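See structure below.
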Amino acid sequence: MDMKKVMRDYFLDLDQAAKDPERKVAWCTSVGPAEILRAMGFEVFFPENHGAMLGATRMCMDTIPKANAFGYSPDICSYLTSDVGAYLKGITPLTKAYGIESIPRPDILVYNTNQCKDVMHWFEYFAREFDAPIFGIHPPTNVPEVEESHIADVVKQFEELIGVLEKLQGRRMQPEDLQRTCALSKEATDLWAEVLETAMARPSPLSFFDSTIYMGPIVVLRGTEVARDYYRVLLADLKIRVAAKVAAVPGESKRIYWDGMPIWGRLRSMSELFKENQACVVASTYCNSWIFTDFNPQDPLPSMAYAYIKIFINRNDQYKEDYIRKLVGEYEIDGVIFHDAKTCPNNSNSQYNLPSRLRDEGIPAVVINGDLCDLRCFSDEQSATVIEAFVETL
Amino acid sequence: MDAGHLYWGVDCGSTQIKVVACDGDGKIVHKHIGRTLFPLMEHVREVLSGRDTDLTPLTDDGKTVKDNHTVVATGYGRKHIDFAQGTLTEISAHFLGAQELLQLDGPYTIVDIGGQDSKVIEVHDGRVGQFVINRKCAAGTGAFIEELAHRLEVKLEDLTDLARAHDKEMVLNSYCTVFSGQEVIKILMHGERLENLIQALYASVVQRILEMTNITTETVVFSGGVMNYNPVLIDLFKQALPDNKTHLVENAQYCGAYGAALFARGLAEKQIKRFSQSEINAELTS
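From first to last, the protein sequence lines are chains A and B.
Under the numbering used here, the first residue of the first sequence carries the number 35, and numbering increases by one thereafter.
Under the numbering used here, the first residue of the second sequence carries the number 194, and numbering increases by one thereafter.
So this is what it looks like as structure tokens:
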């Protein structure tokens, strides 16, 4: 299956849905309850994916300043400022990519603060702008372990959300619909986990920079057959590459773990830099964030609550340290690069001494300063020097 | 390697281009420095030649390296030195230079302050261990000193004498160059002596470096041009690190270029015309 076609079909259908009075569009955060929205017949748009597109195309460098001037600080989430700025300027990367004039108008906006609270401010802006209803899931955050009370709390919020969606759609949720989307999500996410695990092979058939592209469907098409089918094909292809020892980085000699956000506007140059140095980023916190193997179609709401609370970004620092250490072993990592993203402290795990603790255990670690979108916070030269010097010393 | 072979290191920094050539014994036979100006390559070629145009490692067209020379580039501009047969980062270059010049046995920490960045490099067992570079901010770099000197209308060469004439210890609070500039103006408006302010700005640079990471080794080595031209920084580091043994690398501004030249000598033994980054990494970790 062609990735470009999968994404094109998704966005074109979303555009059609937004223009069709018979169909409804929900906006959802990237680790929000997409399965519930799809089970209730909503087409789902993910503004973070749009933010990443603004970053990758570097359109954000025109849109972030617009949002800053409007009153959104340069220090807050640059997905938010990229996206709000794009709206204020009346532009979207969807136009050049797919001929789509604008982002789809929401009938409801649903966020989950399991990743950060900036998504709440972001969605609140658009809820005001479109005069659309908004619903927030507020799970317990920074948890060491997920407890029964946490699950019960989030299940209750899911049930309230379902009530709101039922009113909007004028019909009741059918349990089998939720079981179906939950099952499809689980299949896709299990396949996504297997896709990422092919990077345990030496040489790895894919790098972090490939995975940030491959991850499109697991972010925007969870709960659909398309996502499941896409990852079946991708996994089969990667298995062939593993068997044939096809390397994502020819001559792979060092294996790197990447923590934190991608630097969307520099994916290509970063990929080239690592290739030049025969270093392959084989595992990452970021791409692993869409593995929800705990989904259980027979028990959808509690299992979804558990899986969405359990995500890395929503855990305490000890969990994060243990998690990275485990992956360092499993993927035979030579060194860990922490991306300290200026506007994304929630997904920058270098700020509370974690690199030092890893170094104390003999795991080489280094920090680069940058950002997911805002290239004003990034120095190509300095980052290249740090990364090259790090590889030189491994 | 033939006896007449020369090994060149070109350290293309943000403010200065430093060039060192050494012979097969690692003896420095040529060193020269020039400002980083543009067009870059024109100025790099000029600095390579120095006063003796016959000495250049480049062929007459200035684009390729003569047979009995090997050139390795380092510094921020390293990737732009198109005739260089290999590149390595300043971190490795300063380590190689300091190691050769000081021949230290035990672990040590190199503090290198450059025009636009500062590095703290830990060396253990004759290899670079962990290192840190300043964040994307001029505080704690030569640019900070230059900017504030410009703001105070003081020549760079006068800074040392002025600082040594201070009669009061002061602290600049801000770590932002612009905010520090504003802070300095405000303090001057209150009638403070210029000498005390300049001492405070040096102290601020030292403080920023010490905030980057803990120095855990007994021995500390100072390298880089900013250290070389601003001895007050050394005094302040010694005050801040009273229990550490400290060394200033001889001709500290050339330390990175010398390290690159020594690395060129190692590469030349492989008889390869141009080295890939992976070959360089392999050489560094061998």
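C-beta: ideal position from N, C-alpha, C; glycine also.
Note that this is a predicted model, so its numbers are computed, not measured.
Open item on the list: Would Asn533 (chain B) and Glu411 (chain B) qualify as a contact pair, given that the criterion is a beta-carbon distance under 9 Å?
Closed with: Because chain B here runs from 194 to 479, residue 533 (chain B) falls outside it and cannot be looked at.
Open item on the list: With a threshold of 7 Å on Cβ separation, who are the neighbours of Leu388 (chain A) within its own chain once the five nearest residues in sequence on each side are excluded?
Closed with: Looking up residue 388 (chain A) in the first sequence gives position 354. Taking Leu388 (chain A) as the centre and dropping the five residues before and after it, the same chain places the C-beta of Asp351, Lys354 and Glu355 closer than 7 Å to its C-beta, in chain order.
Task: Per-residue contacts from Ser287 (chain A) into chain B (C-beta, under 8 Å) - done: On the first sequence, residue 287 (chain A) is found 253 positions in, with the first residue counted as 1. Those are Ser471, Asn474 and Ala475, listed as they occur along chain B.
Open item on the list: So Val316 (chain A) contacts chain B; which residues on that side make the cut at Cβ distance below 9 Å?
Closed with: Within the first sequence, residue 316 (chain A) is the residue found at index 282, counting from 1. Counting only Cβ-Cβ distances below 9 Å, Val316 (chain A) has no contacts in chain B at all, with the closest Cβ about 17 Å away.
TODO: Taking only runs that begin and end inside the segment 424–453 of chain B, name each unbroken beta strand (DSSP E) of 3 or more residues, in chain order.
DONE: As far as the segment 424–453 of chain B is concerned, its whole beta strand (DSSP E) runs of at least 3 residues are 438–441.
Task: Closest residue to Glu340 (chain B) among B:Thr208, B:Gly202, B:Leu199 and B:Trp201 (Cα-Cα distance) - done: Translated into positions along the second sequence, residue 340 (chain B) becomes position 147. Ranking the options by Cα distance to Glu340 (chain B), first place goes to B:Thr208.
Open item on the list: For a contact defined as C-beta to C-beta under 8 Å, what are the partners of Arg393 (chain A) on chain B?
Closed with: Locating residue 393 (chain A) in the first sequence gives position 359, counting from the first residue. At a beta-carbon threshold of 8 Å, the residues of chain B lying near Arg393 (chain A) are Gln323, ordered along the chain.
Task: Per-residue contacts from Cys94 (chain A) into chain B (C-beta, under 9 Å) - done: Working through the first sequence from its first residue, we reach residue 94 (chain A) at position 60. What Cys94 (chain A) touches in chain B: nothing, since even the nearest Cβ is about 18 Å away.
Open item on the list: Here's the rule I'm using: 16 or more other beta-carbon atoms within 10 Å means buried, otherwise exposed. How should Val313 (chain B) be labelled?
Closed with: Working through the second sequence from its first residue, we reach residue 313 (chain B) at position 120. Per the 10 Å Cβ criterion, buried.
Open item on the list: Counting only Cβ pairs nearer than 8 Å, list the residues of chain B close to Cys411 (chain A).
Closed with: Looking up residue 411 (chain A) in the first sequence gives position 377. Within chain B, the residues whose beta carbon sits less than 8 Å from that of Cys411 (chain A) are Lys329, listed in sequence order.
Open item on the list: Considering only their Cβ atoms, is the gap separating Leu289 (chain B) from Phe456 (chain B) smaller than 9 Å?
Closed with: By one-based count along the second sequence, residue 456 (chain B) stands at place 263. By one-based count along the second sequence, residue 289 (chain B) stands at place 96. If you check the CB distance, Phe456 (chain B) and Leu289 (chain B) come in under 9 Å.
Open item on the list: Pairs of beta-carbons, one from the segment 232–241 of chain A and one from the segment 105–124 of chain A, closer than 8 Å: are there three or more?
Closed with: Judged by Cβ distances under 8 Å, the segment 232–241 of chain A makes no contact with the segment 105–124 of chain A, as fewer than three pairs qualify.
- [ ] Decide yes or no for the touch test of the segment 63–73 of chain A against the segment 211–224 of chain A: beta carbon pairs closer than 8 Å, at least 3 of them.
- [x] The segment 63–73 of chain A vs the segment 211–224 of chain A: in contact.
Task: Euclidean distance between Cα positions of Leu394 (chain B) and Ile345 (chain A) - done: Here residue 394 (chain B) corresponds to residue number 201 of the second sequence, with the count starting at 1. Here residue 345 (chain A) corresponds to residue number 311 of the first sequence, with the count starting at 1. Distance between the alpha carbons of Leu394 (chain B) and Ile345 (chain A): 46 Å.
Task: Candidates A:Thr419, A:Ile325 and A:Thr319: closest to Ser384 (chain A) by CA position - done: Working through the first sequence from its first residue, we reach residue 384 (chain A) at position 350. Selected option, being the one with the closest Cα: A:Thr319.
Open item on the list: Is Gln416 (chain A) close to chain B? Criterion is C-beta to C-beta, closer than 9 Å.
Closed with: Translated into the one-based positions of the first sequence, residue 416 (chain A) becomes position 382. Interface residue, yes.
TODO: Output yes or no for whether 9 Å exceeds the beta carbon distance between Tyr113 (chain A) and Pro81 (chain A).
DONE: As a working note, residue 113 (chain A) is residue 79 in the first sequence. As a working note, residue 81 (chain A) is residue 47 in the first sequence. Taking 9 Å as the Cβ cut-off, Tyr113 (chain A) and Pro81 (chain A) qualify as a contacting pair.
Open item on the list: Spatial neighbours of Lys224 (chain B) within its chain, please: C-beta separation below 6 Å, excluding the five flanking residues on both sides.
Closed with: The residue given as residue 224 (chain B) occupies position 31 in the second sequence. These residues qualify, in order along the chain: Val213 and Tyr447.
Open item on the list: So that I know if they touch, is there some Cβ in chain B lying closer than 9 Å to that of Ala101 (chain A)?
Closed with: Along the first sequence, read from residue 1 onward, the residue named residue 101 (chain A) stands at position 67. False, the Cβ-Cβ gap to chain B never drops below 9 Å.
- [ ] Examine the Cβ distances between the segment 329–343 of chain A and the segment 178–192 of chain A and report whether three or more of them are shorter than 8 Å.
- [x] Contact holds: three or more Cβ-Cβ distances are below 8 Å.
Task: Assumed close pair Ala313 (chain A), Val425 (chain A) - CB separation to whole angstroms, cut-off 8 Å - done: As a working note, residue 313 (chain A) is residue 279 in the first sequence. As a working note, residue 425 (chain A) is residue 391 in the first sequence. In this structure Ala313 (chain A) is in contact with Val425 (chain A), their Cβ atoms being roughly 5 Å apart against a cut-off of 8 Å.
Task: Assumed close pair Gly449 (chain B), Thr267 (chain B) - CB separation to whole angstroms, cut-off 8 Å - done: In the second sequence, residue 449 (chain B) corresponds to position 256, counting from 1. In the second sequence, residue 267 (chain B) corresponds to position 74, counting from 1. 5 Å between Cβ atoms; contact.
TODO: Please report the residue range of the beta strand (DSSP E) in which Thr409 (chain B) lies.
DONE: Indexing the second sequence from 1 puts residue 409 (chain B) at position 216. DSSP places Thr409 (chain B) outside any beta strand (DSSP E), giving it a letter other than H or E.
Task: Ile378 (chain B), enclosing alpha helix (DSSP H) - first and last residue - done: The count along the second sequence starts at 1 and reaches residue 378 (chain B) at position 185. DSSP places Ile378 (chain B) in the uninterrupted alpha helix (DSSP H) bounded by Thr370 to Met382.
Task: Closest by C-alpha distance to Val315 (chain A), when choosing among A:His373, A:Asn403 and A:Arg256 - done: Along the first sequence, read from residue 1 onward, the residue named residue 315 (chain A) stands at position 281. When only C-alpha atoms are compared, the closest one is A:His373.
- [ ] Rounded to whole angstroms, what's the CA-CA distance from Tyr132 (chain A) to Ala51 (chain A)? Just pull it up for me.
- [x] Locating residue 132 (chain A) in the first sequence gives position 98, where the first residue counts as 1. Locating residue 51 (chain A) in the first sequence gives position 17, where the first residue counts as 1. A direct Cα-Cα distance of roughly 15 Å separates Tyr132 (chain A) from Ala51 (chain A).
TODO: Closer than 8 Å by C-beta to Gly459 (chain B): which residues in its own chain qualify, once you throw out the five before and the five after it? Chain order, please.
DONE: Translated into the one-based positions of the second sequence, residue 459 (chain B) becomes position 266. Excluding sequence neighbours, Gly459 (chain B) sits near Glu476.
Open item on the list: Is the separation between the beta-carbon of Phe337 (chain B) and that of Arg401 (chain B) shorter than 9 Å?
Closed with: Taking the second sequence and counting its residues from 1, one reaches residue 337 (chain B) at position 144. Taking the second sequence and counting its residues from 1, one reaches residue 401 (chain B) at position 208. A contact, by the Cβ cut-off of 9 Å.
Open item on the list: On the CB-based measure, 16 or more other CB atoms within 10 Å of its CB, does Lys39 (chain A) come out buried or exposed?
Closed with: Here residue 39 (chain A) refers to the residue found at position 5 when the first sequence is read from its first residue. Lys39 (chain A) is exposed by the Cβ-count criterion.
Open item on the list: Against chain B, does Leu301 (chain A) count as a neighbour if the rule is that its beta carbon must be under 9 Å from one of theirs?
Closed with: Working through the first sequence from its first residue, we reach residue 301 (chain A) at position 267. Not one chain B Cβ lies under 9 Å of Leu301 (chain A).
Open item on the list: Rounded to the nearest angstrom, what separates Ile326 (chain B) and Ala277 (chain B) at their Cα positions?
Closed with: In the second sequence, the residue the question calls residue 326 (chain B) occupies position 133. In the second sequence, the residue the question calls residue 277 (chain B) occupies position 84. Cα to Cα, the separation comes out at about 25 Å.
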